[in-house]
Amino acid sequence: MESTEKAVVLHSKDNVATALADLEAGISLTLEVEGKAVTVPLKARIPFGHKFSLSDIKKGAPVMKYGEAIGVATVDINQGDYVHVHNVASARGRGAAPGGAR
Amino acid sequence: MSFLGYQRPDGQVGVRNYVGVISTVGCANDVAVWIAQQIKGTALFIHPAGCGQLQPDLEIATRTLASIGRHPNLAGVLLVSLGCEGTDVGRIEAAIGDAGKPVRKVVIQKAGATVALNEGLLLAQELVSQASAIRQKEFDDSHLFIGVKCGGSDTTSGLASNPAVGAVCDLVIDSGGTCVFGETTEFLGAEHILARRAVNKKVADKILDIVDRMEKRAIARGGDMRGGQPSAGNIAGGLTTIEEKSLGAIVKGGTRPIQDVYEYGDRVQGKGLYIVDSPGREPEFLTALAAAGAQVALFSTGLGVPQGFPFIPVLKVTGNPVTYKRLPDHIDMLVELGSGKKEGIKEMGDRIYGEVLEIASGKQTKAEILGYGNFPGLYTIGPII
């Protein structure tokens, strides 16, 4: 659960951070992840409240926020990439059926 | 750590010391209001339930009112009854009496509202006199029981105030206390994640069941709660999946194992983290927290909401600095990421926990000072007949 001025990592298991301001492509952010400082060069513009990856995430691997899987990478995601509906899908699907949890 | 509270005969600890004036049916509300307006030291609980409802709703009303009457923030209770209501007044009275606290009753159909008012004024006055003789004592924080809620959410809720409130829940539980959360509606899409945190399969199944049940009730009324989630607005705001949206809400319950799931209106027994099946709407939900036995409610908000509760301090926390500045009469605390203060979620949790202990010990919340929260709700699932 670390924050700098510009982004927050909500849990030590997370592989994405959330922007706390509109962040421009090309800048580098240093964030603390599991006690280690990680420098992430942003490959795209990240709007306030949106996410970027802290590390490479392989296609099919879980995207982690709040220490839980919020979905699965639909393509290989590189460190610093913008992470949103274009490269992540819900494991539950949109509009999942009732009782789908079982 | 410790706080100042009031020892109750059944072993519970109160953080306020009111006499509850509780109507047992909607048509007794007026007399309850008259009594509570006049007698200082009372807390009024009125609602529209108790008549013209099917049995499941009358049962919800009866058990909720019994639990409300047993709440540790009430030193004694005056019940205001009509006489012919569908709630089981005898059961409510017995439940409060069994907790060892004084319970009195006035009945309007015996001789009219003016007589019930006169009797009620004297009874309430006597109960307040008794209550005022109870002295605060110091209790260690394993006696703390908080309820958590979020409402009027915005982007800052899932990033700052909800995780900070979750950190408080973890602190409460690690200190030996109790925490309850609910708002079953918000579990949708993340119920499988919550279920994994249950202490056993039975509790995990209960979590899945309450979500399924709620969703089926919505479908029976022609509503669809899941389709199209997250909404276009959510996606524009940065939320990618339904799991992410729901996790942003349930993170306010912290990370500890879920001990059990209770029905709306039930009192929570035991220590640790619990769920109460409940709607998210504030008046009904705060009543569920009160019925569960929470001494203090911790309310995370983004846009800012005014709600309080008649006899529970409701502490409001926002992660939105604009809301904090705009609503100084409602919002108690600001937790702000990216403010340059270098305060992380853990430090925010520590700061809020300290304030919860202050509030428990008698410091007033904004809602208490403002007197906001006189219209609590009582959940119903069936038609009015």
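Sequence order for the protein chains is A and B.
Numbered by the working numbering, the letters in the first sequence go through residues -19 to 82 in order.
Numbered by the working numbering, the letters in the second sequence go through residues 8 to 392 in order.
Glycine is no exception: its CB is placed at the ideal position from the N, C-alpha and C atoms.
query, result
"Neighbouring residues, chain A, relative to T162/B (Cβ below 8 Å)", "F28, G29"
"L385/B to A24/A span [Cα, whole Å]", "49 Å"
"Those runs of the alpha helix (DSSP H) which lie wholly inside the region 338 to 387 of chain B and span at least 4 residues", "352 to 367, 373 to 377"
"Three-way DSSP call (helix, strand, coil) for C34/B in this model", "helix"
"Cβ neighbours of I338/B in the same chain (closer than 8 Å, five flanking residues each side left out)", "T308, G311, K323, V324, T325, T330, Y331, K373"
"Three-state secondary structure assigned by DSSP to R203/B", "helix"
"Proximity of G154/B and A299/B at Cβ, strictly below 8 Å", "yes"
"Same chain, Cβ closer than 8 Å to R82/A, five either side skipped, listed in chain order", "Note that R82/A scores a pLDDT of 42, beneath 50, so its modelled location is shaky and nothing firm can be said."
"Residues within the region 51 to 64 of chain A neighbouring chain B, beta-carbon criterion of under 8 Å", "G51, V63, H64"
"Interface partners of T(-2)/A on chain B, CB under 8 Å", "L166, G245"
"Contact list for the region 33 to 51 of chain A against chain B, Cβ threshold 9 Å", "V43, K45, Y46, G47, E48, A49, I50, G51"
"Interface flag, K373/B vs chain A, CB-CB below 8 Å", "no"
"Helix, strand or coil at G80/A according to DSSP, with G and I counted as helix", "Interpretation of G80/A is limited by its pLDDT of 44, a score under 50 that renders its predicted location unreliable; no figure is taken from the coordinates."
"Local conformation of Y13/B per DSSP, three classes", "strand"
"Beta strand (DSSP E) runs wholly inside the region 252 to 301 of chain B, at least 3 long, in chain order", "265 to 269, 279 to 283"
"Closest residue to L246/B among L51/B, G165/B, G173/B (Cα-Cα distance)", "G165/B"
"Option nearest I115/B by Cα separation, candidates E133/B, L86/B, E289/B", "L86/B"
"Beta-carbon spacing of A367/B, V22/B below 8 Å", "yes"
"Selection from G287/B, L280/B, A82/B, L72/B that minimises the alpha carbon distance to C186/B", "L280/B"
"Classification of V68/A by the beta-carbon crowding that lies within 10 angstroms, buried from 16 upward", "buried"
"Endpoints, alpha helix (DSSP H) assigned at E66/B", "62 to 76"
"Within chain A, partners of T419/B - CB distance below 9 Å", "As displayed, chain B neither begins before 8 nor continues past 392, which places residue 419/B out of reach and without an answer."
"Beta strand (DSSP E) segments (min. 3 residues) lying fully within the region 70 to 139 of chain B", "81 to 88, 110 to 114"
"Proximal residues to P320/B (C-beta, below 6 Å), its chain only, five neighbours per side dropped", "V303, I366, T372, E375"
"Simplified DSSP assignment, three categories, for D147/B", "strand"
"Sequence-distant residues of its chain with Cβ nearer than 7 Å to G93/B (five each side left out)", "G57, C58, Q60, L65"
"Close beta carbons around A202/B, own chain, < 6 Å, minus the five adjacent residues each side", "A211, I214, L215"
"Delimiting residues of the beta strand (DSSP E) encompassing C176/B", "Not the beta strand (DSSP E): C176/B falls in the alpha helix (DSSP H), residues 169 to 181."
"Proximal residues of chain A, C-beta to C-beta of G287/B below 9 Å", "Those do not exist, as G287/B stays about 18 Å from chain A at its closest Cβ, beyond 9 Å."
"Three CB pairs or more closer than 8 Å across the region 239 to 255 of chain B and the region 32 to 39 of chain A", "no"
"Whole-angstrom C-beta distance between V26/B and V135/B, which should lie under 8 Å", "5 Å"
"Boundaries of the alpha helix (DSSP H) in which E222/B is found, first to last residue", "208 to 227"
"Environment of A53/A [buried if 16+ CB atoms lie within 10 Å]", "buried"
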